[in-house]
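See below for the structure under consideration.
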Amino acid sequence: MTENNKRQRQANLIRAFRKIHRMTGVLLFVFFFINSITGLLLGWKKHSGGLLLPESYKGTSTELNDWLPLDSLHKNACKILHDSVSTDLSLELERIDVRKDKGMVKFVFNDHFWGIQLDGATGKLLQIERRNSDMIENIHDGSILDHYLGTTGEPIKVVYTTIMGLGLLIFTITGFWLWYGPKRM
Numbered sequence: 211m212t213e214n215n216k217r218q219r220q221a222n223l224i225r226a227f228r229k230i231h232r233m234t235g236v237l238l239f240v241f242f243f244i245n246s247i248t249g250l251l252l253g254w255k256k257h258s259g260g261l262l263l264p265e266s267y268k269g270t271s272t273e274l275n276d277w278l279p280l281d282s283l284h285k286n287a288c289k290i291l292h293d294s295v296s297t298d299l300s301l302e303l304e305r306i307d308v309r310k311d312k313g314m315v316k317f318v319f320n321d322h323f324w325g326i327q328l329d330g331a332t333g334k335l336l337q338i339e340r341r342n343s344d345m346i347e348n349i350h351d352g353s354i355l356d357h358y359l360g361t362t363g364e365p366i367k368v369v370y371t372t373i374m375g376l377g378l379l380i381f382t383i384t385g386f387w388l389w390y391g392p393k394r395m
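Under our numbering, the first residue of the sequence shown is numbered 211, with each subsequent residue one higher.
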């Protein structure tokens, strides 16, 4: 009798886990699909031949004392962005990426997915880059919605990554139990 009760309890637990696993899958299917595709793309970005992650070009000098001041390079990057892409784009910087070993500096802008690579010594344009990998990363972590809705503190990203992390944890636990549980019966 106790063996039968134990077996019945085990079967009920497996049914409950199957239901949780199924419902979590139904509710999060689209998000997991998007997350898996963007994760694959991010994993391959450095090997995409410049499609996802722009190539980094080399400048003329790796000696910083030969370089123009950063404020001059910044003004030049802003002028190039407005002249070559659009005057409607914001000039607010996300970051300045100084690549001393390549003699190059990248200006990555905040409110759009454009960047400008300049020769550090001459200030000449090396590349105008569309930063597809940044957009894919924002889709992957949910911050794209914070970006377009103008929220501060990235609350959508926090909620999204929490739900995705908990969903993956639930899938791991219930999936393991769906595999292991019948073996115990």
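C-beta atoms are modelled at their ideal positions from N, C-alpha and C, and glycine is treated no differently.
- Here DSSP, grouped into helix, strand and coil, assigns Gly269 to coil.
- Taken atom to atom, the span from the alpha-carbon of Phe241 to that of Lys256 is near 24 Å.
- Counting along the chain, the unbroken beta strand (DSSP E) around Arg305 starts and ends at Leu303 to Arg309.
- From the listed residues Gln327, Glu347 and Thr332, the smallest Cα separation to Ile338 is found for Gln327.
- Within the stretch 317 to 363, complete alpha helix (DSSP H) segments of at least 4 residues are found at 342 to 351 and 353 to 359, given in chain order.
- Under the Cβ criterion (8 Å, minimum of three pairs), the stretch 335 to 352 counts as touching the stretch 367 to 385.
- The Cβ atoms of Thr384 and His231 lie closer than 7 Å to each other.
- For the 7 Å CB-CB criterion, Leu355 and Ile346 do not form a contact.
- Taking 7 Å as the cut-off, the beta carbon of Gly313 is found closer than this to the beta carbon of Gly269.
- By the neighbour-count criterion, in which a residue is buried when 16 or more other Cβ atoms sit within 10 angstroms of its Cβ, Phe239 is exposed.
- In the DSSP assignment, Met374 is bridged to no other residue.
- Of the residues assessed, Trp254 falls on the exposed side of the cut-off, its CB having fewer than 16 other CB atoms within 10 angstroms.
- The criterion of a C-beta distance shorter than 7 Å is satisfied by Leu262 and Asn342.
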